[in-house]
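Novice:
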Amino acid sequence: MSPSQGTLPRPAMSGKKAVWLAVAFILITVAGLTYVKWWPYYGKALKAITEHTIGSSILTGGSESIPSPSWQSAWDYAQAYYKAVWKAAVLGILLGSLVQVLIPSGWLLRVLGGRSFKSTAIGGLASLPGMMCSCCAAPIAVGLRKKNVSAGAALAFWLGNPLLNPATLIFMTFVLTWKFTLLRLLFGIAITFGVSYFANRFVKDAAIPEDQVLTAVPADDDRPFWLRWLRSLGQMLLNVVPAYIIAVLLLGAARAWLFPSLGEGTGMTILTLLLFAVAGTLFVIPTAAEIPFVQAFTSLGFGGSAAGALLITLPAVSLPSLLMIRRAFPAKVLGLVFGSVVAAGVLSGIIGSFFL
Numbered sequence: 047m048s049p050s051q052g053t054l055p056r057p058a059m060s061g062k063k064a065v066w067l068a069v070a071f072i073l074i075t076v077a078g079l080t081y082v083k084w085w086p087y088y089g090k091a092l093k094a095i096t097e098h099t100i101g102s103s104i105l106t107g108g109s110e111s112i113p114s115p116s117w118q119s120a121w122d123y124a125q126a127y128y129k130a131v132w133k134a135a136v137l138g139i140l141l142g143s144l145v146q147v148l149i150p151s152g153w154l155l156r157v158l159g160g161r162s163f164k165s166t167a168i169g170g171l172a173s174l175p176g177m178m179c180s181c182c183a184a185p186i187a188v189g190l191r192k193k194n195v196s197a198g199a200a201l202a203f204w205l206g207n208p209l210l211n212p213a214t215l216i217f218m219t220f221v222l223t224w225k226f227t228l229l230r231l232l233f234g235i236a237i238t239f240g241v242s243y244f245a246n247r248f249v250k251d252a253a254i255p256e257d258q259v260l261t262a263v264p265a266d267d268d269r270p271f272w273l274r275w276l277r278s279l280g281q282m283l284l285n286v287v288p289a290y291i292i293a294v295l296l297l298g299a300a301r302a303w304l305f306p307s308l309g310e311g312t313g314m315t316i317l318t319l320l321l322f323a324v325a326g327t328l329f330v331i332p333t334a335a336e337i338p339f340v341q342a343f344t345s346l347g348f349g350g351s352a353a354g355a356l357l358i359t360l361p362a363v364s365l366p367s368l369l370m371i372r373r374a375f376p377a378k379v380l381g382l383v384f385g386s387v388v389a390a391g392v393l394s395g396i397i398g399s400f401f402l
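What the sequence shown shows, in our numbering, is residues 47 to 402, in sequence order.
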């Protein structure tokens, strides 16, 4: 995504105004994350430590089997899913629109605009406080790309939110075991930083040499803040929300097709493991829902293979989150991410059969 061309240059935002707008963005972010993520996760962490559980699996809705495909099944899953994520989803859309109007383009370009591993690493590290699922983090990644942040940095932020979520790792340690946490951490780091950095090769953005980044800063829009924010928010809602809603409904209805063997305790083969990895990559879950998901599979005798695959693929990406970012990244990048997550899931499943 290259900077816009053919427009008259606008005066740069004053330093004092830029600082105040950035402070406003930080305060909104901290307040939102405290209310939506940090404080609720504190209570959930205490429950994980004392009770060794964080709840039942959203896949079955507390029952012993997956509902048959139907509109009712789709509606029931969508209700349960959105009840769990709606606050984070609203926050993600809000921050994704605000990052486009409150943070000066020059600041983001200097820190996250390069194709170096440094920019990718900063993007990944910046994801750690967010603790969002891939769908809730997607609008922010889209907003970053619209500010000309490099593909690698934006992807690292998007992937790092679910895969390297510190709260999820804590839950996992006390509910599952440290082995699951270690496996998740290793593959999470590889995908977040390795795949994201490699993705820069698939983007045709005009590469800016590191020593020229400071002089290649695009001018900021000088229209009133509220006009720019409403335009940003409107575009975000139109491009993100419809695909999000439709995809969640379809996946909710197709649960029994994506995971047809749940409850049968069948043996695992490479083909079965691959199918589990693909299904896990497509399916959509709230933050940390992979933990009771994995618990359900292991209790039914599937062993470490299915657990290892779903441990990586379920949180990393989903069909809805891929659709949400489809306009911000080339199809080759999305294909790379999808294929890498599936491959990582298969490899994690193989390791899990011996390690977990």
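Think of the CB as a built atom: it goes at the ideal place given N, C-alpha and C, for glycine as much as any other residue.
1. Quick one: what does DSSP say Gly138 is sitting in, helix, strand or coil?
2. What did DSSP end up calling Thr99 once you bin it into helix, strand or coil?
3. For Thr327, is the classification buried or exposed, using 16 other Cβ atoms within 10 angstroms of its Cβ as the cut-off for buried?
4. Of the residues Trp303, Leu284 and Asn246, which one's Cα is nearest the Cα of Ala377?
5. Closer than 6 Å by C-beta to Ala184: which residues in its own chain qualify, once you throw out the five before and the five after it? Chain order, please.
6. Residues in the same chain with beta-carbon distance under 8 Å from Trp121, minus the five sequence neighbours each way, listed in chain order, please.
7. Express the C-alpha separation of Val157 and Leu190 in angstroms, rounding to a whole number.
8. I need the boundaries of the alpha helix (DSSP H) containing Leu296, first residue and last residue.
9. Am I right that Ala193 and Val145 are in contact with their C-beta atoms under 8 Å? What's the rounded C-beta distance?
10. For Thr166, which three-state DSSP category applies?
11. Expressed to the nearest angstrom, what Euclidean distance is found between the alpha-carbon atoms of Val387 and Val363?
12. Considering only the beta carbon of each residue, do Gly347 and Leu402 sit closer than 8 Å?
13. First and last residue of the alpha helix (DSSP H) that includes Phe400?
14. Quick check: the segment 380-400 against the segment 333-346, are there 3 or more CB pairs under 8 Å?
15. Within the continuous alpha helix (DSSP H) that includes Asn246, where are the two ends?
16. Excluding the five sequence neighbours on either side, which residues of its own chain have a C-beta within less than 6 Å of the C-beta of Lys83, listed in chain order?
17. Please specify which runs of the alpha helix (DSSP H), each continuous and at least 4 residues long, are wholly inside the segment 316-348, giving them in chain order.
18. Let me know the secondary structure DSSP gives Gly176 once reduced to three states.
19. Which term fits Trp204, buried or exposed, when burial requires 16 or more other beta carbons within 10 angstroms of its beta carbon?
20. For Ser394 versus Ile358, is the C-beta distance shorter than 8 Å?
21. Note down the Cα distance separating Thr223 from Ala236, rounded to an integer number of angstroms.
22. Which residue comes first and which comes last in the alpha helix (DSSP H) that contains Val69?
23. What do you reckon, are the CB atoms on Gly78 and Leu171 nearer than 8 Å?
24. I'd like the span of the alpha helix (DSSP H) that includes Leu209, first residue to last.
25. Is Ser151 buried or exposed, if buried means 16 or more other CB atoms sit within 10 Å of its CB?
26. Work out the CA separation of Leu73 and Lys90 for me, nearest whole Å.
27. Mapping the DSSP letters down to three states, classify Val363 as helix, strand or coil.
28. Kindly indicate which three-state DSSP category Arg373 falls into: helix, strand or coil?
Specialist: Straight from the coordinates:
1. helix
2. coil
3. buried
4. Asn246
5. Ser367, Met370 and Ile371
6. Leu295 and Gly298
7. 12 Å
8. Phe271 to Ala299
9. The question names Ala, yet the displayed sequence has Lys at residue 193. Their Cβ separation, rounded to whole angstroms, is 7 Å, which keeps Lys193 and Val145 in contact under 8 Å.
10. helix
11. 8 Å
12. no
13. Ala377 to Phe401
14. no
15. Run containing Asn246: none; DSSP gives neither H nor E here.
16. Met177
17. 316-328 and 336-345
18. coil
19. buried
20. yes
21. 21 Å
22. Gly61 to Leu79
23. no
24. Ala197 to Leu209
25. buried
26. 24 Å
27. coil
28. coil
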